[in-house]
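First comes the structure, then the notes that go with it.
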Ligand code: HEM
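Residue numbers (this note's numbering), protein chains in the order written: chain A, 2 to 149; chain B, 2 to 262.
Quick look at the structure:
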C-alpha cells in the first residue's frame, strides 16, 4: 500500500514538473488579457482575415459562405473575438443560434471551422497555449451553432 | 480541438495506455461513425505483452470494442514450469455508453463527460489459471469513467472507477483463492498538450490482489504521444506493472501505434 502511494506521488510529481518546464508565463504587460496576447485589435483583425481566407478555401465548408456578406462577417467576428478576449468592444451581431440556425450545421462543420481557425492562428504566430484559451471561449458555442 | 479522433487503451476501449476514458472513439464527429485500430507492444523485465484490436464509435454515444492480448512468459515460462514462451491469451469485448457531458466542448462548466462501460474478458488458459488459484477463465468488468479537457490549461484529465475480478487484467483469470469477489479499482490519468502534435502525461491504475501464490500491484506509466495528423498517433511510455507471477518489478517500454478516422 505504501509502495503504491509513493508511486502515485512520483507519477504526479514528474507530471507537475513536466507541466512547469513547459509553462511560459506571458509577459506581464499592463492589461494582461487574452486580448493583448492576441495582439490587440490589429492582431485580431489580422487573425480574422487569415481565418476567413482558410474557411473560404476549405471545400468542406466554403459552400456555407456562398451567400454571405464577407465584409460584415469579418467585422462581426472581429468584434466578437475582441469582446470575448476582454478587449474594449461590444459585439453588435446576431446571437450565435440565430446567426447559424438557417445553415443547418453539423458537428463535423464545427470541427472543420475550428481546424481552419487553428491553422490561421498558427500562421499568425499565436502560441499554442494562447490558441487554446481562445478556443476554450468558442467551444461552448457548439451548443448553439450545431443544430443538426 | 483534441489532436486525435481516438486512442485506445490496452483493453481496446477508447482511452490512454492503461486508463479508460469517458470519450467515445471518433468523438470528433457527433454525426457519424468513428473507428480506431491499435497495435501495442509492452516489453517488461521478464515478460512481454502484445495487444491488437479496434473500436467503433457511433454518434459520440456508443462505443463497441474488441481486443486480443497475448502475454508471453518468455524465459520465465521455464522457471514457472510452463515451458519457454508459454503464452496466456485473452479476448476482450467492450461496450461503452456516454451518459452526460461533452469533455471537449463544455468549456463553460465543470461537469465532465461521464460514461459507463462493460468489458467481457475470456482468457484461454483455464487449466493453468485454476492451478495457480484462479477461480475462472471468464470475467466481466464494469466501470464508470469521467473525462474533462481543461482547454484553457491545455490539460486532459480522466478518472475511472472499475469493479473487477481480473488477475493481471484477466490474463491470469478472474477471482482467486485469496479473494473471489469484485474489487473496486481506479484509474487516473492526465495529459498535457504541448502543441498540436505532442502530449505528455501520466497514468495510474490499481488492480485487485486475488491470488495467494503471487502479489499483484498497481500499474503506472509516463507517456509521450505524437499525432502527425488526425488519423495516426503513436505513444511511447515507460511502464511499471509491479510484480507479475513471482517476478518482481516488471518495468519496461510501452509502444503503441494507432490509426483511425
Ligand atoms: C465557435 C464557432 C463560431 C463562431 C464564434 C461564429 C461566429 C459568427 C459570427 C460572429 C457571425 C456573424 C453574425 C452576424 O452577421 O450578425 C457568423 C455568421 C456566420 N457563420 Fe459563424 N461562427 C461559428 C461557427 C460557424 C460554423 C461552424 C460555420 C459553418 C461551417 C459558420 C458559418 C457562418 C456563416 C455562413 C455566417 C453568415 C451567415 C449569414 O450570411 O447571415 N459559423 N458566425
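Note that CB positions come from ideal geometry on N, CA and C, so glycine has one too.
Spatially closest choice to residue i from the options, by CA coordinates
{"i": "residue 14 of chain B", "options": "B:183, B:64, B:167 and B:89", "result": "B:64"}
{"i": "residue 148 of chain A", "options": "B:32, B:23, B:27 and B:24", "result": "B:32"}
{"i": "residue 66 of chain B", "options": "B:9, B:254 and B:41", "result": "B:9"}
{"i": "residue 83 of chain B", "options": "B:132, B:238, B:50 and B:100", "result": "B:132"}
{"i": "residue 129 of chain B", "options": "B:172, B:242 and B:44", "result": "B:172"}
{"i": "residue 185 of chain B", "options": "B:203, B:174, B:234 and B:209", "result": "B:209"}
{"i": "residue 229 of chain B", "options": "B:217, B:196, B:254 and B:176", "result": "B:196"}
{"i": "residue 225 of chain B", "options": "B:216, B:236, B:217 and B:218", "result": "B:236"}
Close Cβ partners of residue i (< 8 Å) along its chain, the five nearest in sequence each way excluded
{"i": "residue 25 of chain A", "result": "Model confidence at residue 25 of chain A stands at a pLDDT of 47, short of 50, so the residue's coordinates are unreliable and nothing is read from them."}
{"i": "residue 47 of chain A", "result": "40 and 125"}
Local Cβ density within 10 Å of residue i, reported as buried at 16 or more and exposed below that
{"i": "residue 117 of chain A", "result": "buried"}
{"i": "residue 149 of chain B", "result": "buried"}
{"i": "residue 98 of chain B", "result": "exposed"}
{"i": "residue 80 of chain B", "result": "exposed"}
{"i": "residue 95 of chain B", "result": "buried"}
{"i": "residue 103 of chain A", "result": "exposed"}
{"i": "residue 105 of chain B", "result": "buried"}
{"i": "residue 247 of chain B", "result": "exposed"}
{"i": "residue 143 of chain B", "result": "exposed"}
{"i": "residue 45 of chain A", "result": "buried"}
{"i": "residue 250 of chain B", "result": "exposed"}
{"i": "residue 107 of chain B", "result": "buried"}
{"i": "residue 254 of chain B", "result": "exposed"}
{"i": "residue 95 of chain A", "result": "exposed"}
{"i": "residue 72 of chain A", "result": "exposed"}
{"i": "residue 25 of chain B", "result": "buried"}
{"i": "residue 91 of chain A", "result": "exposed"}
{"i": "residue 80 of chain A", "result": "buried"}
Close-in-space but distant-in-sequence residues of the same chain around residue i (CB under 6 Å, 5 per side omitted)
{"i": "residue 205 of chain B", "result": "189 and 221"}
{"i": "residue 123 of chain B", "result": "92 and 139"}
{"i": "residue 42 of chain B", "result": "51 and 256"}
{"i": "residue 85 of chain B", "result": "78 and 79"}
{"i": "residue 242 of chain B", "result": "220 and 251"}
{"i": "residue 160 of chain B", "result": "147 and 189"}
Contact test: residue i Cβ vs ligand 1 heavy atom, cutoff 7 Å
{"i": "residue 146 of chain A", "result": "yes"}
{"i": "residue 81 of chain A", "result": "yes"}
{"i": "residue 98 of chain A", "result": "no"}
{"i": "residue 241 of chain B", "result": "no"}
{"i": "residue 121 of chain A", "result": "no"}
{"i": "residue 62 of chain A", "result": "yes"}
{"i": "residue 106 of chain A", "result": "yes"}
{"i": "residue 10 of chain B", "result": "no"}
{"i": "residue 94 of chain A", "result": "yes"}
{"i": "residue 2 of chain B", "result": "no"}
{"i": "residue 72 of chain B", "result": "no"}
{"i": "residue 106 of chain B", "result": "no"}
{"i": "residue 134 of chain A", "result": "no"}
{"i": "residue 56 of chain B", "result": "no"}
{"i": "residue 41 of chain B", "result": "no"}
{"i": "residue 57 of chain A", "result": "no"}
Beta-carbon proximity list for residue i, same chain, < 7 Å, skipping 5 on both sides
{"i": "residue 1 of chain B", "result": "What is shown of chain B runs 2 to 262, which leaves residue 1 of chain B out entirely."}
{"i": "residue 59 of chain B", "result": "34"}
{"i": "residue 164 of chain A", "result": "Residue 164 of chain A is absent from the structure shown; chain A starts at 2 and stops at 149."}
{"i": "residue 27 of chain A", "result": "Note that residue 27 of chain A scores 45 on pLDDT, short of 50, meaning its location in the model is unreliable; the coordinates nonetheless yield the value given after this. Answer for residue 27 of chain A: 33 and 38, listed in chain order."}
{"i": "residue 1 of chain B", "result": "Outside the displayed range of chain B (2 to 262) lies residue 1 of chain B, so it cannot be described from this structure."}
{"i": "residue 134 of chain B", "result": "177, 178, 212, 213 and 214"}
Which residues DSSP lists as bridging residue i, in chain order
{"i": "residue 134 of chain A", "result": "Bridge partners of residue 134 of chain A: none, in fact."}
{"i": "residue 1 of chain A", "result": "Coverage of chain A is limited to positions 2 through 149, which leaves residue 1 of chain A absent and any answer about it impossible."}
{"i": "residue 238 of chain B", "result": "B:224 and B:255"}
{"i": "residue 248 of chain B", "result": "B:245"}
{"i": "residue 196 of chain B", "result": "B:199"}
{"i": "residue 93 of chain B", "result": "B:68 and B:122"}
Checklist entry - In the region 85-118 of chain B, which residues sit with their C-beta less than 9 Å from some C-beta in chain C, listed in chain order? => result No chain C is present in this structure, whose protein chains are A and B.
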